[in-house]
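Undergrad:
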Amino acid sequence: MSQDRTTAVVQRYLDELDGDSPAEPIVRALLDRAVRRLHLLCATLLYRSYPRLARPPLNLEAEELLGAVAERLLKALREARPRTVRQFFALANQHMRWELNDLARRLDEQPAAAELGEGLVPAPASSVSGLTPDGLRMLGAIDQLPEDEREAFDLVRIQGITQTEAAQLLGVSAVTVKRRLSRGLSLLAEQLADLRPGEEPPGSI
Numbered sequence: 001m002s003q004d005r006t007t008a009v010v011q012r013y014l015d016e017l018d019g020d021s022p023a024e025p026i027v028r029a030l031l032d033r034a035v036r037r038l039h040l041l042c043a044t045l046l047y048r049s050y051p052r053l054a055r056p057p058l059n060l061e062a063e064e065l066l067g068a069v070a071e072r073l074l075k076a077l078r079e080a081r082p083r084t085v086r087q088f089f090a091l092a093n094q095h096m097r098w099e100l101n102d103l104a105r106r107l108d109e110q111p112a113a114a115e116l117g118e119g120l121v122p123a124p125a126s127s128v129s130g131l132t133p134d135g136l137r138m139l140g141a142i143d144q145l146p147e148d149e150r151e152a153f154d155l156v157r158i159q160g161i162t163q164t165e166a167a168q169l170l171g172v173s174a175v176t177v178k179r180r181l182s183r184g185l186s187l188l189a190e191q192l193a194d195l196r197p198g199e200e201p202p203g204s205i
């Protein structure tokens, strides 16, 4: 099924959620129809942004992440009512991040808890999940971007989809996605200028 067709069917299910029909069968059908795109987003986010979780000791696979995210969405959609495909996938992406962050946090706490239990020194400050303090700061800066710029950056630079695919998902032109991505990169460069010593921030003389 083409991406355009998937988008149209997902939108139809979202429209049905606003009606009087029982929500759970609609939500399950919605997730079933969107499963390929959700799997792609899970795989891209896991392997590009959280690769440590895919290695021992956790060995997380995209299918496992997808299952956990589907459970989260089943619960979230009992109350949340995204009205557009864009809002639905934004909600899904949010729950992917929450699930991965929860797993990374628990993974980081395990060695520290074991060492403290044995009366040894605390674990080093570096994160088992592979996120350095600078990496965490970068994620924070991304989260603080304006919504349009954050969505474009997340889809293209983090999840790895093309600007054309992002445009279809967001319901805008590829030129608009390119402009939002450029603006987001400029804002990030300003916020994180100290991480690149020797380079002038954008707009400086």
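For the sequence shown, this note's numbering assigns the number 1 to the initial residue and increments by one for each residue that follows. Even for Gly, the Cβ is constructed at its ideal location relative to N, Cα and C. If you're wondering where the values come from, they're calculated on a predicted model, not measured in any experiment.
(1) Terminal residues of the continuous alpha helix (DSSP H) containing aspartate 32?
(2) For threonine 188, which of Leu17, Cys42, Asp143, Arg78 has the nearest alpha-carbon?
(3) Looking only at its chain, what residues have a beta carbon closer than 6 Å to the beta carbon of arginine 28, apart from the 5 residues adjacent to it on each side?
(4) Just the C-alpha distance for valine 69 and aspartate 20, rounded to the nearest angstrom, thanks.
(5) Under 7 Å between the Cβ atoms of leucine 46 and alanine 34?
(6) Threshold first: 4 residues or longer. Then list the alpha helix (DSSP H) segments lying entirely within the stretch 59 to 109, N to C.
(7) Whole angstroms is fine: what's the gap from arginine 72's alpha carbon to arginine 157's?
(8) For the alpha helix (DSSP H) that contains glycine 171, what are its first and last residues?
(9) If you compare alpha carbons, which of Asp134, Leu155, Arg78 is closest to methionine 96?
(10) In three-state terms, what does DSSP make of proline 133?
(11) Sorted by chain position, which residues of the same chain lie with C-beta nearer than 7 Å to phenylalanine 89's C-beta, five sequence neighbours on each side aside?
(12) Could you check what DSSP says for tyrosine 50 in three-state terms: helix, strand or coil?
(13) For leucine 192, which of helix, strand or coil comes out of DSSP?
(14) For the putative contact between leucine 53 and alanine 92, defined by C-beta atoms under 8 Å, what is the C-beta separation to the nearest angstrom?
(15) Going by C-alpha to C-alpha distance, which of Arg55, Pro57, Glu24 sits closest to glutamate 79?
(16) With a threshold of 16 other CB atoms inside 10 Å of the CB of threonine 7, please say whether the residue is buried or exposed.
(17) Can you give the Cα-Cα distance for leucine 100 and serine 173, rounded to whole angstroms?
TA: Taking the structure as given:
(1) 23 to 33
(2) The sequence given here places leucine at residue 188; threonine does not occur at that position. Checking every option, the nearest Cα to that of leucine 188 belongs to Asp143.
(3) none
(4) 26 Å
(5) no
(6) 62 to 76
(7) 24 Å
(8) Premise fails: glycine 171 is in no alpha helix (DSSP H) and is neither H nor E.
(9) Leu155
(10) helix
(11) Leu169
(12) coil
(13) coil
(14) Wrong, their Cβ atoms sit about 18 Å apart, outside the cutoff.
(15) Glu24
(16) buried
(17) 30 Å
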